[in-house]
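The structure appears below as C-alpha cells.
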Amino acid sequence: MKEDFDNEMKLEFISKSSNEAFARAALAAFAAQLDPTIEELSDIKTAVSEAVTNCIIHGYENKQGIVKIMARLKEDEIIIEISDKGKGIENIDMAKEPLYTTKPNLERSGMGFTIMESFMDTMEIESIVGLGTKITMSKKIKPKNQEEEDNEFQMITKQ
Amino acid sequence: METKFYEKDKLLVLKITEEIDDHNVKKIRGKADYEIERYMPKKVILDFDSVTFMDSAGIGLIIGRYKFAKIIGAKLEVANLSKNVQRIFEMSGILKLVPIWDVSQLDILSN
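What follows is the structure, given as C-alpha cells:
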C-alpha cells in the first residue's frame, strides 16, 4: 500500500519545559526538507513552541506526562500534530480568544492559539476534558522565485 | 543577559541573549527584576538584538517588566526587534504601552 504522504516522523518526550527548544529544533530540521525561507521556518518553530508549551503547562500542569508529535510532508505542505493526555480544554472557543489565559499569575499572555493560527495556514483543536488535547496545524511552503533564492543565498554566504 | 547602566541618564539597558520561551523566561524575568531593583533606573530598555527565537512567553515578559518598572517609577522601552519579534508584539497590542526605543541614541550616550 502506498501512503498519501512523502515523509513522516514521530517524536515523544516527557513534559519538561527544557524540551520546548528540542521540539521546535527537531521540527525545523524536518521541515527544512521543503526548502522553506528563514521566515517560514521561524513561523513553524514559533507555532510548535506554543503548542508544546500548552501541553506542558496547561495539559499536564507541570506534572509529568508524555508529549507526542507527528509530522508529515505532503508535496509542498507540512502537517503537524501535537498531543497530550492531560486535563483537556473545557471551553475551546474561550481558550482561542486573544489574551484569554487561565494562568495570568505565570505571566502567560493568552496569545498562544492566536499565534498558532496566524503563523500557520490551518490550526484545529480537538480536546476531551480528562483525556487530553490534540492540535493539528499545517503550512504550505511557497515555491521560491529565483530572485528570492539569490537573496537568501547572498544572506547566507555573507555570514 | 548583559546589563549596562548609564548613571547620568539613569538608563538601564538589559540585553537579552537567550531564546525567549516558557523555559528560559523564568530565568530572564528573575535577572531583569534583580537588575531593575539594584539600579533603580528612570528608564529600562530591553534589547532584543541577540534574541534568535521568541514565542508568546516574550509578551508575558514585557507585560510583567512593564508593571514592575512602573512600581519603581521607571519607563520601559524595547529595542532592536527582529521582524518576527515585532510581529508577535504587534499582535498583542503591547507596543501601545511600551514604545520602541531608537538605538541610535545609544551611540550618543556611550560617547
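Those sequence lines, one after another, are chains Z and C. According to numbering that gives the first Met the number 0, the stretch in the first sequence is residues 0 to 158, in order. According to numbering that gives the first Met the number 0, the stretch in the second sequence is residues 0 to 110, in order. Glycine is no exception: its CB is placed at the ideal position from the N, C-alpha and C atoms.
In the structure shown, the three-state DSSP call for lysine 9 of chain Z is strand. Residue burial annotation: leucine 60 of chain C is buried, with at least 16 other C-beta atoms found within 10 angstroms of its C-beta.
The three-state reading of DSSP puts aspartate 3 of chain Z in coil, since its state is none of H, G, I, E or B.
The C-beta distance from alanine 50 of chain Z to isoleucine 134 of chain Z rounds to 5 Å, short enough to meet the 8 Å contact threshold. Within the stretch 91-116 of chain Z, those residues whose Cβ lies closer than 7 Å to any Cβ of chain C are, in chain order, Glu106, Arg107, Ser108, Met110, Gly111, Thr113, Ile114. For valine 43 of chain C, there is no enclosing alpha helix (DSSP H); the residue is found in the beta strand (DSSP E) stretching over 42-46. In the three-state DSSP reduction, tyrosine 5 of chain C falls in the strand class (E or B). Judged by DSSP secondary structure, lysine 25 of chain C falls within the alpha helix (DSSP H) whose first and last residues are 21-38. In the structure shown, isoleucine 88 of chain Z falls within a coil segment according to DSSP collapsed to helix, strand and coil. Here DSSP, grouped into helix, strand and coil, assigns glycine 131 of chain Z to strand. At least one C-beta of chain Z is nearer than 8 Å to the C-beta of glycine 63 of chain C. The C-beta of alanine 30 of chain Z comes no closer than 8 Å to any C-beta of chain C.
Non-local beta-carbon contacts of valine 102 of chain C in its own chain, meaning distances under 7 Å to residues more than five positions away in sequence, involve Ala78, Asn79 in chain order.
Of all residues in the stretch 4-24 of chain Z, only Lys15, Ser16, Ser17, Asn18, Glu19, Ala20, Arg23 come within less than 9 Å of chain C when Cβ atoms are compared, listed by chain position. With a 10 Å radius around the Cβ and a threshold of 16 neighbouring Cβ atoms, threonine 51 of chain C comes out exposed. The alpha-carbon of methionine 93 of chain Z is positioned some 11 Å away from that of phenylalanine 112 of chain Z.
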